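This report refers to the structure that appears directly beneath it.
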Amino acid sequence: MSGLRLTEGSRGPGASVAVEGAPLTRTQVPYVTGSSVLGMKCADGVVIACDTMASYGSLARFKRLTRMHVASPNCILGVGGDYSDFQQLQTMVDAEMTAQYVANDGLSLSPKAIHAFLARHMYHRRCKVDPLWNSVLVAGFHKGEGTLSLVDLYGTAYSSDVLATGFALHLGLPLLRNAHRPDITVAEAKVVMNDVLKVLFYRDARTNDVVQLATVTAAGVEVGDMVKLDTEWNHKAFVQGARAGDESSW
Amino acid sequence: MLSEGTLGAVWGPSLAVLPTRVPREPGCTASGLGPISTSTSILTGLCFVRAPRARFWFIVSCVYVVGLTGAFGRPPVSGSSLLLCGSGSCRTVLAVAGKDFCVVASDTRLGLGYSIPSRKVSRILKMTDKVVLASSGMQADMMTLHKTLRMRLVKYQQNHQKDMSLTAASQMLSNMLYTRRFFPYYTFNVLGGIDEKGEGWAYGYDAIGSHEKVSAVCSGTGQTLIQPVLDNQIEFKQQWGAPKVDLSLEATVELIRDAFTSAGERDIYTGDYVEICKITKDGVEVEEFQLKFD
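This is the structure in structure tokens:
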């Protein structure tokens with residue numbers, strides 16, 4: 010199904026408004042959506058990256074939105090999927106962090122704990138058949154070690170050295186795996202991220218060319234500015250078409 | 323009244339989950355879509371149950387759609403997009419028991435459709451020094467099950483001042499699975515360990531707690547490839563008159579390595595690494611074995 014039809018029929022039987030006696034249903038289709046998020050664990054920290062667009066079906070609806078959320082001084086989330094669900098997640102995480110602060114015991118949630126918190130919540134919502142339609146990358150740096158983990162709308166949760174969500178699971182993850190070394194630095198990884206985001210912009214139609222990178226190191230979270238990608242459109246296959254010189258662009 | 327709607331195609335055997343609150347019409351059964359006790363490798367399809375009073379389609383089944391991860395903006399199924407299960411595919415887990423040992427093994431690939439989101443996700447839970455559990459199926463359900471099991475094991479240990487025995491653990495797992503009889507944990511477990519007599523045993527489960535005590539069992543996507551080999555090499559099935567040879571621990575581990583290598587050859591969800599847990603009277607020793615990285 011391409012794009013979003015605005016007729017009532019396209020909302021599906023589950024999305025019907027509450028009628029007496031009917032089961033109440035909520036998000037069964039994501040509406041305003043963000044695309045991929047990328048993440049890489051480095052020797053001296055973690056880098057995550059994403060573009061700054063939120064689409065409404067095939068409409069490029071919002072073009073300067075951040076899809077990142079600073080959860081704590083040493084933990085940041087990068088979120089793809091439904092944007093309103095992302096905002097709900099932000100509220101929820103902030104409320105939990107505030108509750109921890111109010112306890113005034115000098116303790117706060119580690120990145121690993123924030124990941125577990127999100128995983129339990131996402132799983133709880135999918136069991137209610139009312140999922141938060143997101144995949145979330147959690148990047149953190151705690152006790153001298155970086156952590157990079159993922160949670161999705163089912164509550165699936167795992168950690169890895171390189172992670173990607175959405176379209177980048179297909180197009181970005183192999184590039185990240187090739188580029189990754191255990192001793193790669195944050196500075197090097199940032200360059201890799203820019204390259205992969207460029208590839209995604211060329212081929213993922215739900216992406217824009219303004220991107221945002223964030224790092225978590227021993228110094229804490231650093232969220233970069235929104236930066237316009239330096240793109241190149243004179244590649245032979247772009248100009249002459251996919252079969253230029255009978256060499257398929259694939 | 324299953325599959326009455328024309329809202330989505332039914333691709334294959336489905337796991338029909340009937341919520342207790344939905345009034346069921348006479349003759350309305352879940353068995354039309356296959357009994358739950360068959361260990362279907364991957365959950366596919368969707369179905370709808372009609373609640374007659376409400377006159378609304380109520381989606382109760384879990385849907386697995388390859389290509390779900392394509393893009394969030396494009397709902398992957400026309401008509402309905404309520405997706406629940408299927409994230410983190412089944413992989414291969416097995417348990418082989420010997421005279422005084424047991425070996426439990428699982429590969430670590432997390433497969434999703436044609437993608438491999440991660441190459442190293444453990445599916446093994448060391449329950450006690452003598453009992454190890456490996457689960458295939460949905461990753462989120464597996465995590466939840468393992469988490470709950472860990473809590474129950476700690477509670478047992480603190481109440482009784484001893485670790486849970488293999489038999490007790492096997493029954494507890496069955497009970498926990500059955501508590502979610504009508505909204506199952508989509509996990510297919512194998513449990514292995516050493517019982518109170520010092521004998522090695524393996525237990526195989528379905529998603530809702532049916533289980534049997536055997537000496538070799540395999541679950542997950544590699545089940546169809548590995549189980550026949552175990553039947554032949556461990557249980558000596560259909561080999562009338564042939565002497566049953568008890569394999570040594572080393573020979574068993576060697577067989578398991580070969581079994582996983584072979585399954586990885588043909589099953590796209592099996593690969594990357596195998597975690598092999600060797601359970602003896604001295605405790606659990608974990609070995610990692612590399613498979614194809616394709």
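Top to bottom, those sequences are chains A and B. Per the numbering used here, the first sequence starts with residue 10, numbered consecutively. Per the numbering used here, the second sequence starts with residue 323, numbered consecutively. C-beta atoms are modelled at their ideal positions from N, C-alpha and C, and glycine is treated no differently. These figures come from a predicted structure and were not determined experimentally.
Rounded separation between B:S620 and A:L127 - CA only: This structure cannot speak to residue 620 of chain B, because chain B is shown only from 323 to 616.
Who are the Cβ neighbours of A:A188 in its own chain at under 7 Å, not counting the five residues just before and after it? As a position in the first sequence, residue 188 of chain A is number 179, starting the count at 1. Closer than 7 Å at the Cβ level, and outside the excluded window around A:A188, lie V201.
Any C-beta of chain A under 8 Å from that of B:Q461: Residue 461 of chain B sits at position 139 when you count from the first residue of the second sequence. For B:Q461, the answer is yes, since a Cβ of chain A falls inside 8 Å of its Cβ.
Using only the alpha-carbon positions, how far apart do B:T574 and B:T470 sit? Residue 574 of chain B sits at position 252 when you count from the first residue of the second sequence. Residue 470 of chain B sits at position 148 when you count from the first residue of the second sequence. CA-to-CA, the gap between B:T574 and B:T470 works out to about 31 Å.
What does the alpha-carbon distance come out to for the pair B:T546 and A:H151? By 1-based counting over the second sequence, the position of residue 546 of chain B is 224. By 1-based counting over the first sequence, the position of residue 151 of chain A is 142. So the alpha carbons of these two residues sit roughly 43 Å apart.
B:T583 touches chain A at which residues, Cβ-Cβ below 9 Å? Residue 583 of chain B sits at position 261 when you count from the first residue of the second sequence. Under the 9 Å cutoff, chain A gives no residues; its nearest Cβ is about 22 Å from B:T583.
Short CB-CB distance (under 8 Å) between A:L86 and chain B: Reading the first sequence from its first residue, position 77 is the one you call residue 86 of chain A. Answer no: the Cβ-Cβ gap between A:L86 and chain B never drops below 8 Å.
Endpoints, alpha helix (DSSP H) assigned at B:H482: Residue numbering aside, residue 482 of chain B sits at position 160 when the second sequence is read from its first letter. Where B:H482 is concerned, the enclosing alpha helix (DSSP H) stretches over Q461 to H482.
Taking DSSP as the reference, what is the three-state secondary structure of B:Y508? Position 186 of the second sequence, counted from the start, is the residue given in the question as residue 508 of chain B. B:Y508: coil per DSSP, three-state reduction.
By the DSSP assignment, the beta strand (DSSP E) with B:I530 in it spans what residues? Numbered from its first residue, the second sequence carries residue 530 of chain B at position 208. Careful: B:I530 lies outside any beta strand (DSSP E) and carries neither H nor E.
Give me the chain A residues within the contact set of B:V432, using Cβ-Cβ distance strictly less than 7 Å, ordered along the chain. Your numbering for residue 432 of chain B matches position 110 in the second sequence. Checking the sequence shown, residue 432 of chain B turns out to be Leu, not Val. Result: Y167.
How about the segment 411-426 of chain B and the segment 148-168 of chain A: do they share at least three Cβ pairs that are nearer than 8 Å? The segment 411-426 of chain B makes no contact with the segment 148-168 of chain A; the number of CB pairs closer than 8 Å stays below 3.
With distances taken from CA atoms, which of A:V195, A:A148, A:T216 and A:A104 is nearest A:G43? Position 34 of the first sequence, counted from the first residue, corresponds to residue 43 of chain A. Taking the Cα of A:G43 as reference, the smallest distance to any Cα among A:V195, A:A148, A:T216 and A:A104 is reached at A:T216.
B:L613 versus B:C599, B:T592, B:I601 and B:G605, residue with shortest Cα-Cα distance: To locate residue 613 of chain B, count along the second sequence from 1; it is residue 291. When each option's Cα is compared against that of B:L613, the closest is B:T592.
Just checking my contact of B:S307 with B:V415 at CB under 8 Å: how many whole Å lie between their CB atoms? For chain B, the structure presents residues 323 to 616; residue 307 of chain B sits outside this window and is missing.
Compare the C-beta of B:V512 against all C-beta atoms of chain A and say whether one is closer than 8 Å. Working through the second sequence from its first residue, we reach residue 512 of chain B at position 190. Taking Cβ atoms only, chain A never reaches closer than 8 Å to B:V512, which makes this a no.
Does chain B have any CB closer than 8 Å to the CB of A:L222? Taking the first sequence and counting its residues from 1, the one referred to as residue 222 of chain A is at position 213. Closer than 8 Å: no.
Contacts of B:S437 in chain A (Cβ-Cβ under 8 Å): On the second sequence, position 115 is the one that residue 437 of chain B refers to. Those within 8 Å of B:S437 in chain A are L178, H179 and L182.
Going by C-alpha to C-alpha distance, which of A:Y40, A:S45, A:P39 and A:K50 sits closest to A:A198? Position 189 of the first sequence, counting from 1, holds the residue named residue 198 of chain A. The shortest Cα separation from A:A198 among A:Y40, A:S45, A:P39 and A:K50 belongs to A:K50.
Under three-state DSSP, which class holds A:T268? What is shown of chain A runs 10 to 259, which leaves residue 268 of chain A out entirely.
Reference B:A456, options B:V418, B:A581 and B:L569, closest by Cα: For this step, residue 456 of chain B is matched to residue 134 along the second sequence. With distances taken between Cα atoms, B:A456 lies closest to B:V418.
Between which two residues does the alpha helix (DSSP H) containing B:S584 stretch? In the second sequence, residue 584 of chain B corresponds to position 262, counting from 1. Note, B:S584: alpha helix (DSSP H), L571 to R588.
Can you name the residues of chain B whose CB is closer than 9 Å to the CB of A:Y132? Locating residue 132 of chain A in the first sequence gives position 123, counting from the first residue. Neighbours of A:Y132 on chain B, chain order: A462, D463, M465 and T466.
B:A373 by DSSP, collapsed to three states: which one? Indexing the second sequence from 1 puts residue 373 of chain B at position 51. For B:A373, the predicted structure reports a pLDDT of 38, less than 50, and the residue's modelled location is therefore unreliable. A value from the coordinates is still provided. Under the three-state reduction of DSSP output, B:A373 falls in the strand class.
Taking the straight line between their C-alpha atoms, what separation do you get for B:D616 and A:L178? In the second sequence, residue 616 of chain B corresponds to position 294, counting from 1. In the first sequence, residue 178 of chain A corresponds to position 169, counting from 1. A straight line joining the alpha-carbon of B:D616 with that of A:L178 spans about 16 Å.
Whose C-alpha, out of B:Y525, B:A538, B:A585 and B:I548, is nearest the C-alpha of B:D594? By one-based count along the second sequence, residue 594 of chain B stands at place 272. Checked all of B:Y525, B:A538, B:A585 and B:I548; the closest Cα to B:D594 is B:A585.
Is the segment 470-484 of chain B touching the segment 509-520 of chain B, taking contact as three or more C-beta pairs under 8 Å? Per the Cβ contact rule, the segment 470-484 of chain B is not in contact with the segment 509-520 of chain B (fewer than 3 Cβ pairs under 8 Å).
Ordered along the chain, which non-local residues of its own chain (more than five positions away) have a Cβ less than 8 Å from that of A:A227? Translated into the one-based positions of the first sequence, residue 227 of chain A becomes position 218. Residues of the same chain with a CB within less than 8 Å of the CB of A:A227, apart from the 5 flanking positions on each side, are D53, G54, F150 and G153 in chain order.
CA-to-CA distance, B:H468 to B:V453, given in whole angstroms: In the second sequence, counting from the first residue as 1, residue 453 of chain B sits at position 131. In the second sequence, counting from the first residue as 1, residue 468 of chain B sits at position 146. The C-alpha of B:H468 is placed about 13 Å away from the C-alpha of B:V453.
8 Å contact criterion, which B:L475 and B:M449 should meet: CB distance rounded: For this step, residue 475 of chain B is matched to residue 153 along the second sequence. For this step, residue 449 of chain B is matched to residue 127 along the second sequence. About 6 Å; that satisfies the 8 Å criterion.
Taking only beta-carbon atoms, is B:V415 less than 8 Å away from chain A? Along the second sequence, one-based indexing puts residue 415 of chain B at 93. Chain A, which has no Cβ nearer than 8 Å to the Cβ of B:V415, makes this no.
Leaving out the 5 sequence neighbours to the left and right, which residues in its chain are closer than 7 Å to B:Y500 when beta-carbon positions are compared? Numbered from 1 along the second sequence, position 178 holds the residue referred to as residue 500 of chain B. Counting only Cβ-Cβ distances below 7 Å, and skipping sequence neighbours, we find I530 and G531.
Report the residue from B:I590, B:T602, B:L577 and B:C540 whose alpha carbon sits nearest the alpha carbon of B:Y436. Locating residue 436 of chain B in the second sequence gives position 114, counting from the first residue. Of the listed residues, the one whose Cα sits closest to B:Y436 is B:I590.
Neighbour-count burial assignment, A:S45, 16 or more Cβ in a 10 Å radius: For the purposes of this step, residue 45 of chain A is taken as the residue at position 36 of the first sequence. For A:S45, the number of other beta carbons within 10 angstroms of its own is at least 16, and it is reported as buried.
Which residues in chain A have a C-beta closer than 7 Å to the C-beta of B:V443? List them in chain order. Locating residue 443 of chain B in the second sequence gives position 121, where the first residue counts as 1. Taking a Cβ-Cβ threshold of 7 Å, the residues of chain A close to B:V443 are Y167, in chain order.
is_contact[B:T470, chain E] using C-beta, thresh 8 Å: No chain E is part of this structure, whose protein chains are labelled A and B.
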